[in-house]
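One structure is given here, and the rest of the page talks about it.
There are 2 protein chains.
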Amino acid sequence: MIKVLIVEDDPMVAHLNKKYVENVEGYQVVDIANNGEKALKLLRTNKIDLVVLDVYMPKLDGISLLKEMRKRFFMTDVILVTAAKEADNIDSVLKLGAVDYLIKPFEYERLKKALDSYKIRYNLLRNNTPINQEDIDKITKQNVMEVSKDKLEKGLHNKTLERIRNFMRANRECFYSAEEIAKKMDLSRVTIRRYLEYLTSIGEIILEIEYGSVGRPTHLYKYNYTK
Amino acid sequence: MIKVLIVEDDPMVAHLNKKYVENVEGYQVVDIANNGEKALKLLRTNKIDLVVLDVYMPKLDGISLLKEMRKRFFMTDVILVTAAKEADNIDSVLKLGAVDYLIKPFEYERLKKALDSYKIRYNLLRNNTPINQEDIDKITKQNVMEVSKDKLEKGLHNKTLERIRNFMRANRECFYSAEEIAKKMDLSRVTIRRYLEYLTSIGEIILEIEYGSVGRPTHLYKYNYTK
DNA sequence: CTAAACATTTTGTAAATAAAAAAAATATAG
DNA sequence: CTATATTTTTTTTATTTACAAAATGTTTAG
Chain C
1 MIKVLIVEDD
11 PMVAHLNKKY
21 VENVEGYQVV
31 DIANNGEKAL
41 KLLRTNKIDL
51 VVLDVYMPKL
61 DGISLLKEMR
71 KRFFMTDVIL
81 VTAAKEADNI
91 DSVLKLGAVD
101 YLIKPFEYER
111 LKKALDSYKI
121 RYNLLRNNTP
131 INQEDIDKIT
141 KQNVMEVSKD
151 KLEKGLHNKT
161 LERIRNFMRA
171 NRECFYSAEE
181 IAKKMDLSRV
191 TIRRYLEYLT
201 SIGEIILEIE
211 YGSVGRPTHL
221 YKYNYTK
Chain X
1001 MIKVLIVEDD
1011 PMVAHLNKKY
1021 VENVEGYQVV
1031 DIANNGEKAL
1041 KLLRTNKIDL
1051 VVLDVYMPKL
1061 DGISLLKEMR
1071 KRFFMTDVIL
1081 VTAAKEADNI
1091 DSVLKLGAVD
1101 YLIKPFEYER
1111 LKKALDSYKI
1121 RYNLLRNNTP
1131 INQEDIDKIT
1141 KQNVMEVSKD
1151 KLEKGLHNKT
1161 LERIRNFMRA
1171 NRECFYSAEE
1181 IAKKMDLSRV
1191 TIRRYLEYLT
1201 SIGEIILEIE
1211 YGSVGRPTHL
1221 YKYNYTK
């Protein structure tokens, strides 16, 4: 579960955003803060992965809060939300190292994209295998342009993906070979492997190699859960 | 003309990168700094738009330099370059608000992509029309995926390579024979040798020969950490 | 005393093997 | 009927095992 703090002074908007975030699988809103000072307090006392942070606020605005956080070494990730009117100094905002930047008012679909991307980042950075250029690009350059449809990669079907994902989640402690899973789920090894490969590429599954006595070693897969 | 400063301590690499950058239409390399302190001085006295900044450096490393720049309100943009070996704390590096992140050694094509993207950013942010979500996405989410495809040599597997590399790195002071490593890592001598040979060919491992009392002398391998 | 033959240890290569990856064929949804 | 998801078949590849070749020290014949 990715723990989210929403920082937004308008209670209506905050509530709406909370709904939005909790609508995405794997996310949980821990609390809402209506200004920067309260947010800082909450960051001190709660385990928070991600802050959805509005720039305009009384008391302590979003940009100052973010700078303050970094100064105090709160390394929590941030999605910055800016009203279109304040977007003139966007250049400096982009240098704050946020995970994503949303311009108000944003569509639910755009926020969902941001959260989906963040989930990939979250997983990739936590399964501590050495990181490479491809991973970095996946993390920073998530293509988000066609917001319209949740287009899954070709060759994959959402229903099958869900089935396999559920199976892996149900046995989150075990390492399985594609063969074993295929047998247990009554699907072909090839299909299983294609889905596992996809899940591995987005960091939701981790891959390990088992070297047998002779012959090419087998790939073992396990769900990448981070309690 | 976009004015670039290259910050890189290895003169060969710096020169190469200069060539690369100047090969891209609309870019001009103003100077090269071989450490962070020199870079700061150059930033004070020159008009610079973009810094291609290596993380590893003597005197003042890239990350410290970037933090120092922000503290002093040098709002110059930065493309961060990290060696694969140092990429373990990548999470915090990603929070520094760089324009792009390259992992060494990078292909020319990838750098070109980064510079092409930056040109779009540069222009969008300077024609001060009110900025919208689409622009932000264009700036931050440039799709760059088709470039990165670091294919390993045939017969080698990335996961195995990583395992062996890690072992060698963990025992960076010791000279080991392929046989010994094979035993310790529970892999065959032949496999170990193939990977060590590869690592030797790219200079990551150094080879020495030990003459025993009788019989063919043994090859001893050690991680080359001075590089 | 020298050098060829031998013994010993290790490297390097080829064959065997089992799994992954790719391609082709089939089934199914829309 | 067409596009795409899944299975079956084929090819490729990453490993081990087995063995031949190489590099050295030792022995012994001349």
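From first to last, the protein sequence lines stand for chains C and X.
The first sequence begins at 1 in my numbering and counts up one residue at a time.
The second sequence begins at 1001 in my numbering and counts up one residue at a time.
Note that CB positions come from ideal geometry on N, CA and C, so glycine has one too.
Source: prediction; values computed, not measured.
Distance between C:I32 and C:A14 (C-alpha atoms, nearest Å): Along the first sequence, one-based indexing puts residue 14 of chain C at 14. Along the first sequence, one-based indexing puts residue 32 of chain C at 32. For C:A14 and C:I32, the distance between alpha carbons rounds to 7 Å.
Cβ neighbour criterion (16 or more within 10 Å) applied to C:G26: Here residue 26 of chain C refers to the residue found at position 26 of the first sequence. By the 10 Å Cβ count, C:G26 comes out exposed.
Start-to-end residues for the beta strand (DSSP E) that takes in C:K230: There is no way to answer for residue 230 of chain C, as the model of chain C reaches only from 1 to 227.
Reduced DSSP secondary structure (H/G/I, E/B, other) of C:D150: For the purposes of this step, residue 150 of chain C is identified with residue 150 of the first sequence, where counting begins at 1. For C:D150, the pLDDT reaches just 49, beneath the cut-off of 50, and the residue's location in the model is therefore unreliable, leaving the point undetermined.
Below-8 Å beta-carbon distance, C:S177 vs any chain X residue: By one-based count along the first sequence, residue 177 of chain C stands at place 177. So no, C:S177 is outside the interface.
Under 8 Å between C-beta atoms of X:L1199 and X:I1192: As a working note, residue 1199 of chain X is residue 199 in the second sequence. As a working note, residue 1192 of chain X is residue 192 in the second sequence. No, Cβ-Cβ distance for X:L1199 and X:I1192 is not below 8 Å.
CB-CB length for C:L66 against C:V52, believed under 8 Å: The residue you call residue 66 of chain C lines up with position 66 of the first sequence. The residue you call residue 52 of chain C lines up with position 52 of the first sequence. Not confirmed; about 12 Å, so no contact.
Contact with chain C by X:F1167, beta-carbon distance below 8 Å: As a working note, residue 1167 of chain X is residue 167 in the second sequence. No, X:F1167 does not count as interfacial toward chain C.
Straight-line Cα distance separating C:H219 from X:I1103: Here residue 1103 of chain X corresponds to residue number 103 of the second sequence, with the count starting at 1. Here residue 219 of chain C corresponds to residue number 219 of the first sequence, with the count starting at 1. For X:I1103 and C:H219, the distance between alpha carbons rounds to 27 Å.
Inter-residue Cα distance where the pair is X:A1114 and X:D1049: One-based indexing of the second sequence puts residue 1114 of chain X at position 114. One-based indexing of the second sequence puts residue 1049 of chain X at position 49. Their Cα atoms are separated by approximately 14 Å.
Residue of C:E180, C:R165, C:M1 minimising C-alpha distance to C:V21: Locating residue 21 of chain C in the first sequence gives position 21, counting from the first residue. Checking every option, the nearest Cα to that of C:V21 belongs to C:M1.
Per DSSP, cross-strand counterpart(s) of X:K1003: Position 3 of the second sequence, counting from 1, holds the residue named residue 1003 of chain X. Paired residue(s): X:Q1028.
Where the beta strand (DSSP E) containing C:E210 begins and where it ends: Along the first sequence, read from residue 1 onward, the residue named residue 210 of chain C stands at position 210. Start and end: 205–210.
Members of the segment 67–94 of chain C that neighbour chain X once the beta carbon cut-off is set at 8 Å: R70, M75, D77, A84, A87, D88, I90, D91, S92, L94
Through-space distance from C:K138 to C:R121, alpha-carbon basis: Translated into the one-based positions of the first sequence, residue 121 of chain C becomes position 121. Translated into the one-based positions of the first sequence, residue 138 of chain C becomes position 138. C:R121 and C:K138: Cα-Cα distance of roughly 8 Å.
Under 9 Å by beta carbon: chain C residues contacting X:R1110: For the purposes of this step, residue 1110 of chain X is taken as residue 110 along the second sequence, with counting starting at 1. Neighbourhood of X:R1110 in chain C, by CB distance below 9 Å: Q133, D137, in chain order.
Cutoff 8 Å: X:G1097 Cβ touching any chain C Cβ: Counting from 1 along the second sequence, the entry for residue 1097 of chain X is found at position 97. It does: the Cβ of X:G1097 has a partner Cβ on chain C nearer than 8 Å.
Cross-chain neighbours of X:L1125 in chain C, by beta carbon under 9 Å: Within the second sequence, numbered from 1, the residue matching residue 1125 of chain X stands at position 125. Correct list: I90, D91, L94.
Interface positions of the segment 1033–1052 of chain X facing chain C (Cβ-Cβ less than 9 Å), listed along the chain: none
Closer than 8 Å at the beta carbon, the chain C residues around X:Y1101: By one-based count along the second sequence, residue 1101 of chain X stands at place 101. The contacting residues are I136, T140.
X:T1200 in three-state terms, based on DSSP: As a working note, residue 1200 of chain X is residue 200 in the second sequence. The answer is helix: DSSP assigns X:T1200 an H, G or I state.
Chain C residues whose Cβ lies nearer than 9 Å to that of X:L1187: Here residue 1187 of chain X corresponds to residue number 187 of the second sequence, with the count starting at 1. Near X:L1187 (Cβ distances below 9 Å), the residues of chain C are Y211.
8 Å Cβ cutoff, X:P1217 in contact with chain C: Within the second sequence, numbered from 1, the residue matching residue 1217 of chain X stands at position 217. Not an interface residue.
C:N17 to C:M69 span [Cα, whole Å]: Position 17 of the first sequence, counted from the first residue, corresponds to residue 17 of chain C. Position 69 of the first sequence, counted from the first residue, corresponds to residue 69 of chain C. Those two C-alpha atoms are separated by around 22 Å.
Own chain, CB closer than 6 Å to C:Y101, minus 5 neighbours either side, in chain order: Along the first sequence, one-based indexing puts residue 101 of chain C at 101. Once the five neighbours on either side are set aside, the close Cβ partners of C:Y101 are L80.
Residue-chain proximity (X:K1159, chain C), Cβ-Cβ < 8 Å: Your numbering for residue 1159 of chain X matches position 159 in the second sequence. It does; some Cβ of chain C falls within 8 Å.
Exposure label - X:S1064; buried when at least 16 CB within 10 Å: Numbered from its first residue, the second sequence carries residue 1064 of chain X at position 64. Exposed: under 16 other Cβ atoms inside 10 Å.
Segments of 3+ residues assigned as beta strand (DSSP E) that fall wholly inside the segment 39–119 of chain C: 50–54, 77–83, 100–104
C:L207: contacting residues in chain X (beta-carbon distance under 8 Å): The residue given as residue 207 of chain C occupies position 207 in the first sequence. Near C:L207 (Cβ distances below 8 Å), the residues of chain X are K1159.
Integer Cβ distance of C:T82 from C:V99, believed to fall under 8 Å: The count along the first sequence starts at 1 and reaches residue 82 of chain C at position 82. The count along the first sequence starts at 1 and reaches residue 99 of chain C at position 99. The pair is not a contact, with the Cβ atoms about 14 Å apart (cut-off 8 Å).
Distance, C:S117 Cα to C:S213 Cα: Position 213 of the first sequence holds residue 213 of chain C. Position 117 of the first sequence holds residue 117 of chain C. Each residue's alpha carbon lies about 40 Å from the other.
Residues near X:I1164 by beta carbon distance below 6 Å, same chain, minus five either side: Position 164 of the second sequence holds residue 1164 of chain X. Same-chain partners within the cutoff: Y1195.
Per-residue burial, C:Y176 [other beta carbons within 10 Å of its own, 16 or more giving buried]: Position 176 of the first sequence, counted from the start, is the residue given in the question as residue 176 of chain C. With 16 or more other Cβ atoms within 10 Å, it is buried.
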